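Asker: According to our numbering, the sequence shown is numbered sequentially starting from 9.
For glycine and all other residues, C-beta sits at the position ideal for the given N, C-alpha and C.
Here the structure is a predicted model, which means the values were calculated and not measured.
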Amino acid sequence: LVRPAVYAYSAEPLTLYREQVGGLATPRVGLLSRRASPARSVLCERWLSLMFGDTYEPAMRLLARWGDLSRPAAALVVSGSKAIGKGLLATGLARWLTGRADATPLEGARYIGRKANQFNDALKMCPMLSFDEGEGLDSREAGMAVRRILSDRVHAIEPKGKEVTWLHGCLRLYIAHNTDENPFRFGDLPPAGRAAVAERLAHVEGQDVAAEYLRELGEAGRARLVAELPAHLEWNAHQEHATPAPGHERFGGWVSSYVDELLRAGNRNAYLAALLLDVVEHHPHALAGLDRVEGVAWVKTEVLLRWWNRELECAEPHQERSLRRLYGDVPNENLLGRMLSSLAEPEKEGQHPKIKMSPRLNAARPKAWRIPLASLRRVLGRDDDEGGSLLN
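#1: Rounded to the nearest angstrom, what separates phenylalanine 194 and asparagine 244 at their Cα positions?
#2: What is the DSSP secondary structure of phenylalanine 192, counted as helix, strand or coil?
#3: Got a sec: does the ligand SAH put a non-hydrogen atom nearer than 7 Å to the Cβ of glutamate 321?
#4: Grouping DSSP H, G and I as helix and E and B as strand, with all else coil, what is proline 367?
#5: In whole angstroms, give me the CA-to-CA distance for alanine 47 and leucine 284.
#6: Over the uninterrupted alpha helix (DSSP H) stretch that includes methionine 59, give me the two end residues.
#7: At which residues does the alpha helix (DSSP H) containing valine 172 begin and terminate?
#8: Since alanine 83 contacts leucine 271 with CB under 8 Å, what's their CB separation in whole angstroms?
#9: Taking Cβ to Cβ, would you say glutamine 215 is nearer than 8 Å to glycine 93?
#10: The beta strand (DSSP E) with methionine 68 in it runs from where to where?
#11: Taking the DSSP output, what are the residues bridged to isoleucine 379?
#12: Alpha carbon to alpha carbon, how far is threonine 63 from valine 172? Give it in angstroms, no decimals.
#13: Would you call the stretch 101-113 in contact with the stretch 154-172, where contact means no fewer than 3 C-beta pairs closer than 8 Å?
#14: In or out: glycine 95 buried (at least 16 other Cβ within 10 Å) or exposed?
#15: Beta-carbon separation of glutamate 236 and serine 57 under 8 Å?
#16: Return the first residue and the last residue of the beta strand (DSSP E) that glutamate 143 is part of.
#17: I'd like the ranges of any beta strand (DSSP E) spanning at least 3 consecutive residues and lying wholly in the stretch 95-166.
#18: Quick check on alanine 47: does DSSP put it in helix, strand or coil?
#19: Would you give the residue range spanned by the alpha helix (DSSP H) that valine 205 belongs to?
#20: Is the distance from the Cβ of glycine 100 to the Cβ of proline 238 below 8 Å?
#21: Assign threonine 106 to one of two classes, buried (16 or more other C-beta atoms within 10 Å of its C-beta) or exposed (fewer than that).
Following this line, the structure appears as structure tokens:
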């Protein structure tokens with residue numbers, strides 16, 4: 009019986025894998041090399057402080073934690089314009105973690121959709137996954153995978169035609185996106201699921217002044233910055249940093265209302281629930297076929313579709329792009345019907361929630377979904393007596 013090989017990332021600056029065969033651990037040089045000697049770079053420090061802005065201190069504290077691959081750490085989420093250097097930072101982080109001047113982060117979209125958290129041999133060369141514009145983060149399964157990848161200390165590697173190996177050590181996730189896009193389209197996560205994902209995401213709003221700084225540096229200055237970044241990050245890992253907030257201490261991140269908002273916006277059912285409640289509570293006569301009777305809304309998909317398209321026409325450009333990415337370029341009754349079915353409840357036990365007829369609906373009306381308003385509020389995490397517009 010041949011035991012699967014086991015590799016481990018070392019937390020020491022000399023970053024090696026250890027291959028375990030038959031209980032004996034042997035260092036393997038050549039997979040990850042010795043990290044750069046710590047050296048503070050004024051150039052890198054200035055750029056990072058400009059880009060991170062008010063979150064500079066917590067961001068550098070998190071990156072220091074990134075250096076210890078024996079501990080889990082929150083994903084770094086950087087939003088902002090294309091010119092602030094999000095790609096430069098990703099490259100610098102990969103070269104720092106691997107100790108190789110030619111290293112690049114792995115494309116997270118190639119692995120996030122795989123069964124569980126299984127990878128190929130490329131993971132042995134770099135412990136960092138990068139997601140550009142949130143590519144691959146577009147399903148509920150992706151949200152669950154992000155939670156697993158950032159929590160697990162052991163990862164299966166299943167290359168084709170080879171035996172399974174196990175990589176011991178924590179992985180790092182880097183997510184970059186433009187400000188007007190939502191990279192987290194994880195779907196209908198319950199409140200507890202959203203909180204668990206939010207705990208693992210640390211957001212930095214990239215500042216445009218960093219783009220001006222990079223332009224002033226010129227091509228030669230940017231090349232020098234990339235060359236000095238690994239050593240500067242190693243220097244930062246040796247500095248003393250303040251303890252993170254207790255609520256997010258487990259992953260070294262921080263609370264971000266921006267991340268919470270994106271996760272909620274990525275929940276199709278949450279948006280639909282907010283839309284329905286807003287119509288019922290503030291525009292009771294706007295929709296023919298939607299009535300509020302004893303806390304129940306009777307909803308017809310074709311009428312709701314007209315209202316939803318009206319909302320799109322009134323949306324700001326960035327909101328419209330976000331909504332169309334969430335629902336698809338061509339909203340239709342079938343899509344809204346599937347969503348309503350997950351929000352609806354039957355009037356009687358064993359009854360389908362799409363009611364053919366009701367005493368409160370005359371014979372001329374077609375089928376409608378029975379949506380209890382209390383269920384909509386539960387989806388949104390709201391109390392029954394809480395007022396105000398839920399779309400703002």
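Answerer: On the basis of the data shown:
#1: Position 186 of the sequence shown, counting from 1, holds the residue named residue 194. Position 236 of the sequence shown, counting from 1, holds the residue named residue 244. In a straight line, the C-alpha of phenylalanine 194 is about 33 Å away from that of asparagine 244.
#2: The residue given as residue 192 occupies position 184 in the sequence shown. If DSSP states are grouped into helix, strand and coil, phenylalanine 192 belongs with coil.
#3: Only the bare structure without any ligand can be found here, which leaves the ligand SAH out of the picture.
#4: By one-based count along the sequence shown, residue 367 stands at place 359. Residue confidence for proline 367 is low, a pLDDT of 41 falling below 50, so the modelled location carries little weight; the figure read from the coordinates is stated next. Note: proline 367 maps to coil in three-state DSSP.
#5: For this step, residue 47 is matched to residue 39 along the sequence shown. For this step, residue 284 is matched to residue 276 along the sequence shown. Using only the alpha carbons, I get a separation of about 56 Å.
#6: Translated into the one-based positions of the sequence shown, residue 59 becomes position 51. Unbroken alpha helix (DSSP H) run through methionine 59: 50-60.
#7: For the purposes of this step, residue 172 is taken as residue 164 along the sequence shown, with counting starting at 1. First-last for valine 172: undefined, no H or E at that position.
#8: Walking along the sequence shown from the start, residue 83 turns up at place 75. Walking along the sequence shown from the start, residue 271 turns up at place 263. The Cβ separation is near 13 Å, so there is no contact.
#9: Taking the first residue of the sequence shown as 1, we reach residue 215 at position 207. Taking the first residue of the sequence shown as 1, we reach residue 93 at position 85. Against a cut-off of 8 Å, the Cβ pair of glycine 93 and glutamine 215 comes out as no contact.
#10: Indexing the sequence shown from 1 puts residue 68 at position 60. That residue, methionine 68, is in no beta strand (DSSP E); its alpha helix (DSSP H) goes 64-74.
#11: As a first step, residue 379 is located in the sequence shown; it is residue number 371 there, counting from the start. Looking at the DSSP assignment, isoleucine 379 forms a beta bridge with Ala305.
#12: Stepping through the sequence shown from its first residue, residue 172 is reached at position 164. Stepping through the sequence shown from its first residue, residue 63 is reached at position 55. Their Cα atoms are separated by approximately 41 Å.
#13: no
#14: The residue given as residue 95 occupies position 87 in the sequence shown. Counting Cβ neighbours within 10 Å, glycine 95 comes out exposed, since fewer than 16 surround it.
#15: The residue labelled residue 236 in the question sits at position 228 within the sequence shown. The residue labelled residue 57 in the question sits at position 49 within the sequence shown. Cβ distance not < 8 Å, so glutamate 236 and serine 57 don't count as in contact.
#16: On the sequence shown, residue 143 is found 135 positions in, with the first residue counted as 1. Per DSSP, glutamate 143 belongs to no beta strand (DSSP E) and is neither H nor E.
#17: 136-140, 162-165
#18: Numbered from 1 along the sequence shown, position 39 holds the residue referred to as residue 47. Residue state, collapsed to three classes: coil.
#19: The residue given as residue 205 occupies position 197 in the sequence shown. First-last of the alpha helix (DSSP H) with valine 205: 199-207.
#20: Start at 1 with the first residue of the sequence shown, and residue 100 comes out as number 92. Start at 1 with the first residue of the sequence shown, and residue 238 comes out as number 230. It is a contact, given that the beta carbons lie within the stated cut-off.
#21: Translated into the one-based positions of the sequence shown, residue 106 becomes position 98. It counts as buried.
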